[in-house]
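Numbering (this note's numbering), first residue to last: 30 to 887. Notes to accompany the following structure.
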């Protein structure tokens, strides 16, 4: 497999003629599994995102550095393996719903990564992976790791360089599914190993093996079952109590019963274990709660006893991970569904484990975030290698980060990364190209822009700056509208129009070092008419305009009621908003990208209009370039519903009658650059062109041409080419269509009044799902057409137009490692900007990723 990838990369480099396509921005939400992320020794974090594995340095403001494709189903488990001394290559093991185990090699200097081997031994999804901590010096222990699967087995593996070998398969008793595994070397020589397994049962199983005879002699056997928890075990983690050799080992087990239990593993007899724990030998010390488990490993006897019960969380605990501070203190980080992180330490005097720091939020309703309500809370918490930074994955698929400030002895929150968690269904650039809007099946709309650190713009990075819409339906399409508005369509059969509030506009202008593009900035007299911010009513789907409140306003009165009837709060229950998410004036007066809680609470855009008329889910929409019209279509199986509806934006009324042409769902509508023509394509395999006709208001379009056999299978996308005017004042018109028949077809009309005729058919290896023309000609006078396929392939075609003839001059293929593992949902070139060094292409993926690639200026 690696040989095929290398040869393909070689061919691609040749086709690109030495030019380089660079990644400017990679955005992807993390999979919500406790084992789906890990932070390696070299400072690089990895997490599963749909079928991808994302690499991210949490200390780097540029965010995700690489997205690795290879899995064909959701990634559930990610683990860095310990490295040998002097080894420059880091190895990462991943597993998921596709039952595959993949080994990745990551170059520490260049960051280049590749899959070096994949195997499939589990018969069900892989839930968890464990390896010894990197500090272990034992050669045998470093080469061993274990996996737990939904097939009720735990498998023991050995890594020899870039090769994986299966050593043992352990079938769990009572056929429970392992959800977490932990592995530890009991001594420096690696002569004894201990394995802890937990899952869909209320007990922890302990296995031991001897590594004295090398890898071949490793075979785990069940030694003890630790009882005490009252629900499933979600997380297990080992650590040596002290750095010295021969120190006791502590095991933390976290459960859905809301408790964490600590267990002590002591080398020696039961008597020495009790003495080490500071307990006497009275009857009280030998109660069932302190039951002593006697085990052996590598010919040495060990004892396991219950150490402590940690109480404090109010909901399921998904992960508990150890770290050792610089002064040797042990710290335990726990992540819970109650929206909080807890840092536990043992009191120096009493030895009692207490919560030293609590990060995140406290759930307002107990149990409202797990089995009895919506999915919420934190799914996993990770320590940095130095133990001075923690990151946690939240319910939205976004990350949060806290850094320890030693001078102030406090944990301070910093910005992290975010992304869509399901397919990105639509993207649209602002008119000036200053920001990008994306919408997704995860029911959110997000605004992405560049953060400019200094006035010279020498340092900048892309971030999510606002989350204008959080919806209750899957969102399907989006289009910017005017200076700072947009319209979106969802499965709810109507479209919603939003405008940017003043607080968000000021924040975005400050962070991007750009001129504010809101209506308020363009027309200061209208500034008072725009809202400060927006909020989501408790019982509604529409974002309501609100005013920001002063930081010392304890009553929150101005945030509790919208402008519907401020004098009578009880007049409209739907107008009530959540006081916890009221927008304070200082919330967006920040000098960094907003944190996740601010994105979801304080950066909403108020909804200004709803557009009705369609009978089924909205399938596509487009706004005219002058912002006066919106064209839209819905899912349809008959000619009655497969119409295109036009809405004018001055009074927000429908322009009747609707435009009939198609018999099945219209998949894309596009206005020509001058808005004279409207192009539509659909599942009925035809395209149609409508032309604007003279009327009192200029909103009317009529059908000029339809081709019922445009492709042999459904047409999925279309794009107009930016054609300059001819010498006689007429204009050559050209558009391209993309079909499931694996073809891109180019259609042209060059006489100013004739029919569109086929000019070129370009065949690809897979169905073509997305198209977009660069809004302008290249230096050589060529048209540049970006093409995306169902297999995730990306390429740019250079087209030469002479009369009615269109020829493909060259094809620029994007490197395989930059392509997508699933279908390209949509493509959008960034509008030209002053001083640009290349052309930026936004790519929306079915894999939930949003990418911006920079192409050389052509």
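Even for Gly, the Cβ is constructed at its ideal location relative to N, Cα and C. For clarity, every value in this text was computed on a predicted model and none was experimentally measured.
- Within the same chain, 617 come within 6 Å of residue 536 by CB-CB distance, once the 5 residues on both sides are set aside.
- Boundaries around residue 264 are those of the beta strand (DSSP E), 262–269, since no alpha helix (DSSP H) includes it.
- Assigned with DSSP and collapsed to three states, residue 206 falls in coil, not helix or strand.
- Annotation for residue 171: the continuous alpha helix (DSSP H) segment containing it runs 168–171.
- Exclusion of the five residues before and after residue 751 leaves 702, 802, 803, 804, 805, 806 and 812 as the residues of its chain whose Cβ lies within less than 8 Å of its Cβ.
- When DSSP states are grouped into helix, strand and coil, residue 244 belongs to the helix group.
- With fewer than 16 other beta carbons inside 10 angstroms of its own, residue 666 counts as exposed.
- Non-local beta-carbon contacts of residue 740 in its own chain, meaning distances under 6 Å to residues more than five positions away in sequence, involve 714, 768 and 770 in chain order.
- Within its own chain, the residues whose Cβ lies closer than 6 Å to the Cβ of residue 664, once the five positions on either side in sequence are excluded, are 645, 646, 648 and 694, listed in chain order.
- By the CB criterion at 8 Å, residue 579 and residue 654 fall outside the cutoff.
- Ranked by Cα distance from residue 428, the options 410, 435 and 414 are led by 410.
- DSSP lists no beta-bridge partner residue for residue 645.
- Going by C-alpha positions, residue 718 is about 26 Å away from residue 871.
- Taking 8 Å as the cut-off, the Cβ atoms of residue 148 and residue 177 do not count as close.
- DSSP, read as helix, strand or coil, puts residue 273 in coil.
- Distance from the CA atom of residue 113 to the CA atom of residue 844, rounded to whole angstroms, is 32 Å.
- With contact defined as three or more Cβ pairs closer than 8 Å, the region 819–838 and the region 424–444 are not in contact.
- Distance between residue 197 and residue 795, taken at the CA atoms: about 41 Å.
- Counting other Cβ atoms within 10 Å of its Cβ, residue 129 reaches 16 or more and is therefore classed as buried.
- Residue 452 holds the alpha-carbon nearest to the alpha-carbon of residue 468 among 369, 452, 479 and 461.
- Within the model, the alpha-carbon separation for residue 534 versus residue 700 is close to 28 Å.
- In the three-state reduction of the DSSP assignment, residue 540 falls in the helix class, which pools H, G and I.
- Cα atoms of residue 816 and residue 286: separation of roughly 51 Å, rounded to the nearest angstrom.
- Nearest neighbour of residue 216 by Cα position, chosen from 865, 386, 171 and 516, turns out to be 171.
- Where residue 192 is concerned, the enclosing beta strand (DSSP E) starts and stops at 192–200.
- Using a C-beta cut-off of 8 Å, the region 453–472 makes contact with the region 852–861, since at least three inter-stretch Cβ pairs fall below that distance.
- Secondary structure at residue 617: helix, using DSSP grouped into helix, strand and coil.
- Within the region 337–380, complete beta strand (DSSP E) segments of at least 3 residues are found at 346–353, 359–365 and 369–375, given in chain order.
- Of 515, 519, 201 and 122, the smallest CA-CA separation from residue 528 is found for 515.
- One thing to note: residue 237 has its Cβ no nearer than 8 Å to the Cβ of residue 220.
- A straight-line Cα-Cα distance of about 54 Å links residue 499 and residue 323.
- Secondary structure of residue 531 (DSSP, three-state): helix.
- Cβ-Cβ separation between residue 480 and residue 490: approximately 6 Å, consistent with a contact (criterion under 8 Å).
- For residue 630, the enclosing alpha helix (DSSP H) covers residues 625–631.
- Short of 6 Å from the beta carbon of residue 268, and not among the five residues preceding or following it, lie these beta carbons of its own chain, in chain order: 279 and 351.
- The three-state secondary structure of residue 824, taken from DSSP, is strand.
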